[in-house]
Every structure is written in C-alpha cells, then in structure tokens.
Amino acid sequence: MANYHKSNQIKTSLEEINSSVAIPQNMSFWKTLFLYSGPGALVAVGYMDPGNWSTSITGGQNFQYTLMSVILLSSLVAMLLQYLSAKLGIVSQMDLAQAIRSRTSKRLGIILWIITEMAIMATDIAEVIGGAIALNLLFRIPLTIAVLITILDVFLLLLLMKIGVRKIEALVVALILVIFAVFSYQVILSHPDWSAVFQGLIPSGKAFASYPSVSGQVPLTGALGIIGATVMPHNLYLHSSIVQSRQIDRDNPKEIARALRFLTLDSNIQLTMAFFVNCLLLIVGVSVFKAGSVKDPSFLGLYEALSNPHMMSNTLLSQIASSGALSVLFAIALLASGQNSTITGTLTGQIIMEGYIHLKLPAWLRRLITRLLSVLPVMICVLITSSQGVVKENIAVNQLMINSQVFLAFALPFSIIPLLLFTGDESVMGKTFKNNTWINGLGWFSVIVLTFLNLKGLPDQIASFFGEKLSHREVVLSHVISSGLIILIVILLAWLIFDLVKGKN
0 MANYHKSNQI KTSLEEINSS VAIPQNMSFW KTLFLYSGPG ALVAVGYMDP
50 GNWSTSITGG QNFQYTLMSV ILLSSLVAML LQYLSAKLGI VSQMDLAQAI
100 RSRTSKRLGI ILWIITEMAI MATDIAEVIG GAIALNLLFR IPLTIAVLIT
150 ILDVFLLLLL MKIGVRKIEA LVVALILVIF AVFSYQVILS HPDWSAVFQG
200 LIPSGKAFAS YPSVSGQVPL TGALGIIGAT VMPHNLYLHS SIVQSRQIDR
250 DNPKEIARAL RFLTLDSNIQ LTMAFFVNCL LLIVGVSVFK AGSVKDPSFL
300 GLYEALSNPH MMSNTLLSQI ASSGALSVLF AIALLASGQN STITGTLTGQ
350 IIMEGYIHLK LPAWLRRLIT RLLSVLPVMI CVLITSSQGV VKENIAVNQL
400 MINSQVFLAF ALPFSIIPLL LFTGDESVMG KTFKNNTWIN GLGWFSVIVL
450 TFLNLKGLPD QIASFFGEKL SHREVVLSHV ISSGLIILIV ILLAWLIFDL
500 VKGKN
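504 is the number that numbering that gives the first Met the number 0 gives the last residue of the sequence shown; the numbers go up by one with no jumps.
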C-alpha cells in the first residue's frame, strides 16, 4: 500500500522515529517479539492513566465487583480497535489523522483537529493534575509550582526522542510495572474474595442497571464512566503512528503480515496488563477500604484515605496505613502514571497537529504548544483557588478533571467511524488486509454501542458543570445543551462520512 501513501504525497508520521527500529530476519520468535514490543506499552498507558483511577475505585466502593465485567468488555473492545489502528498504520503508512485528512476538506480537517485536540487536552488535564498532586504530596511542592514542573515533560520527551524510541518504550514499561506492583501489593494485603472477583467478570445486566443508587451513582453511570475512561480516541491516533517506527519491507505482503501479527500480539499483551491494573483499582475500592468509607474519590481524598487506619478493611492494612506507606506508594504510582501519560499525550498532540492541519513548526515548539493547552486550564484553576485553602484547591482541580471528560464523549465517534471505514476499504488496505466480515461486524457493533453509550452519558456530563444539586432551570438547560451537542455531533459525522465516501470516489 506504499503507492497509496506516495501518490497522496503525505508526510511521514512522526518523522524522527519512523522506521528507526531495525528488525533482522531469521530471528527466534521471542527475539522478534521483543523487537516488536513497545508500541503496545505506549498505547496501554492511556488505558490506565490517572483519569481511570477514581472511576474504578469509586465503582468498587459503590457496587462491589459488579462492574468487573465492564472492565473486561471494554478491554476486549480496546484490543479490537487497537488492532485496526495498528493495521491501518502498518499497511497504509498513514496515521489515522493523515488518512482522514487525505479525504476531507481543509475546513473539516481544522474542525476535526480542534475536536481531537480538545479530547487530548481533556485526557492530559487528568495527567497534569495527577502528576502535580503527586509532586505536591511527595515533596510538599506548592501545587502552582508542581503544575509548572509538568511542563518540563516536554523537554524530557525531546531528549528521549533524540536517543531513540526504544528508550521511550523502556521507560514507559518500567513505569507501568511500578503502577502494577503498587496496586498488586495493596490488593494482596487486603485479602479480597477471589471467587466474587471472578464472578464479577461474568457479564450481567446488573452492570448497566439504573438502580440501586449509591452515593448519587447508579451502576449504569459507573459503567459509562469506566467505558469512557477506557476507550479513548487519542490512542487510535497514537497507535497508527507509533507502529511505523518498525523497519519493514512495505512492498512484501508476507513481511507486512508478519509485522502486523507481532505488533498485535504486543498490543494485546500490554492491554491485558492494563486490564489487570484496572481490575486491581476496582478491587482496591472493594477490599482495601471499608464499604462506603471513601467519600472523596479525588487524588487527595484517596491519598488521605490510604493514610487513615480507620478506613482500612483489616488490621494489617490499618497498621501499614498508619505508617504512611500505603499513601506514599499511591503517590509514587500516581506520579508514574502521570509521567507515562504525558509522554504519550504530547506525542499524540504532535501526530494530529501534523496530520490534520499540516502545521510546520519545530518539534520542541509543537510539543510545547500541545503541553500548554493542557497545563493552562489547570494553572488558571489552581491560581483562582490557591487562596481558598488546600481542600478547595483540590476540589476545584478534581471538578475540572471531571468536567473535561465531556470532550472524550464528543470526540470518540470521529475516530472510530473513520477507522472502520478505512480498514474495510480495499483501495486503502488491499484485498489481503481489508477487514473480513467478522471483524467488520464486531467493529461496527462496537462502534454503534460505544457511540450510543457516550451520547447517552452526555446529558449527565453536561449537568456536572452546574454542580451536585441542580435547580429545575439548570436541569432543563443541561438537557438543552446536551441535545444541541448531540445534533451537532450527528451533523459533523454526516459531513465527515460524506467527505470520506466522496474522497474515496
């Protein structure tokens, strides 16, 4: 499919690292898998970022293991979508943003860039907040300074890009292992009911029920929160680009098929790790804390809960909590997760900026702009509330993180629908690599369900902007706004699909 790429004169995606990792022939299975491993880790980061933490822990606190099946189903859908994303990148030599822009008008390209940039910003806000709060908790750095320090991630990424993508991948894997180790340790100490854990993995209608209501949340809203925090649009852009870092013969279908097989295996292994981390987070909510004891699911609230022996579920945890070890480990994991996610978020920002609007800027400036788009809202929020005390400051940034998630629901259809259209298109993928009937069927079923659930949850997300106790006027206004947004999404999707079909012809 190199001809399609060249005929459209599309710039190489992430040029600094494209085809930078050589894959020698005639190596053993395990050595080959090792060389292909890495892109999956960068993608998996988005499935266990700080934005997932409070969602999973709160879900465990409120509904025990009922939502475990939602984590499982979300992870399986994620594996399918990431496979399609990797296939698009390997076969067409385009990332998703480039592929969409190749068939759409400049005006629509700018609109899609804004929508996707807002989604990345929403994701990155959680990382900025998580990283800044972790620095604040571990080193007592004022939150304002801690937020500014997160900008330095851009220069760390520039350094890592200089020394190679494999170093970035190694750092990300190491930080993932830190997160996994911290929560595994806490879960082991809590002695969970493993039979109930495995039973929770069996899909049930209870996970999507509108009752019972616990702390203002029903299972359906908890499930929507987990799905929204798991299947994220920016990962599809990132994966379609980062897989192109492997050096393969693009004119040899067998070589392409081999690369796709190993990259899919890498992705599935790493997403399985992300699945385990999210399960651990939910188990923490069930078995580490006493039932209903966590009233504040913000990062600060969870940190303080883990240092409060009276909130622990058993004597051993209470003794360790009183020493401060559990809360310190939590802050370390939070810092690791925030650091990981900012690396991938900044890379994705560069991918969509280059792919959608073809903006030619120095690498450091592109990444700095992407970073500032996420840091500025957090900084403004912190500066406004800094004089009101630590508690109000943390409540404000936590609310900012919750409110920003609305952009993810808005952006998701604009990535998954084109992804299915491109990977099912023989003119892009060739006869060998286009989606078969089963993949197409599963893909479109997943797309329809995800789009429906995201739009269904939109009114509640809009309502959260008005606070917890809404007046009748605010309820009506939130429904009017959400209805307007849904109509706008449908119109833009129709425009996008029209352009994609027209561009194909």
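We put the CB at the ideal spot given by N, CA and C, even for glycine.
The three-state secondary structure of residue 230, taken from DSSP, is coil. Each of 30, 35 and 112 was checked against the Cα of residue 347, and the nearest Cα belongs to 112.
Taking a cut-off of 8 Å on C-beta distances, the segment 437-451 does not touch the segment 252-269, as fewer than three cross pairs fall below it. Straight through space, the alpha carbons of residue 337 and residue 397 are spaced by roughly 15 Å. Runs of alpha helix (DSSP H) with 4 or more residues, each lying fully within the segment 356-430, are found at 362-384, 389-403, 405-410 and 412-422, listed in chain order.
The residues 11 and 243, in chain order, have a CB closer than 6 Å to that of residue 17 in the same chain once the five nearest residues on each side in sequence are set aside.
Assignment of residue 21 by DSSP, reduced to helix, strand and coil, places it in the strand class. In this structure, the alpha-carbon of residue 66 lies about 10 Å from that of residue 204.
In chain order, 219 and 222 place their CB closer than 6 Å to the CB of residue 207, counting only its own chain and leaving out the 5 sequence neighbours on each side. Judged by their CB atoms, residue 283 and residue 426 are not nearer to each other than the 9 Å cut-off. In summary, residue 120 is buried, with 16 or more beta-carbon neighbours lying within 10 Å of its beta-carbon over all protein chains present.
About 10 Å separates the beta carbon of residue 231 from that of residue 343, a gap too long to meet the 8 Å contact definition. About 7 Å separates the CB atoms of residue 319 and residue 188; that is less than 8 Å, so the two are in contact.
Every alpha helix (DSSP H) stretch that sits fully inside the segment 6-92 and reaches 4 residues is listed by chain position as 28-35, 38-43, 49-62 and 67-91.
When DSSP reads this structure, residue 338 sits in no beta bridge, so it has no partner.
Taking all protein chains in view, the Cβ of residue 370 is crowded by 16 or more other Cβ atoms within 10 Å, so the residue is classified as buried. Boundaries of the alpha helix (DSSP H) harbouring residue 184: 164-189, taken from the DSSP string. Between residue 374 and residue 395, the gap from beta carbon to beta carbon reaches 9 Å or more.
Nearest to residue 226 by alpha-carbon distance, out of 479, 498, 480 and 454, is 454.
In terms of Cβ geometry, residue 255 and residue 268 do not form a close pair [threshold 9 Å].
In the displayed model, residue 196 falls within a helix according to three-state DSSP. Across the structure, residue 420 and residue 126 are spaced so that their CA atoms are roughly 31 Å apart. If you draw a straight line from the Cα of residue 42 to the Cα of residue 234, it comes to about 6 Å.
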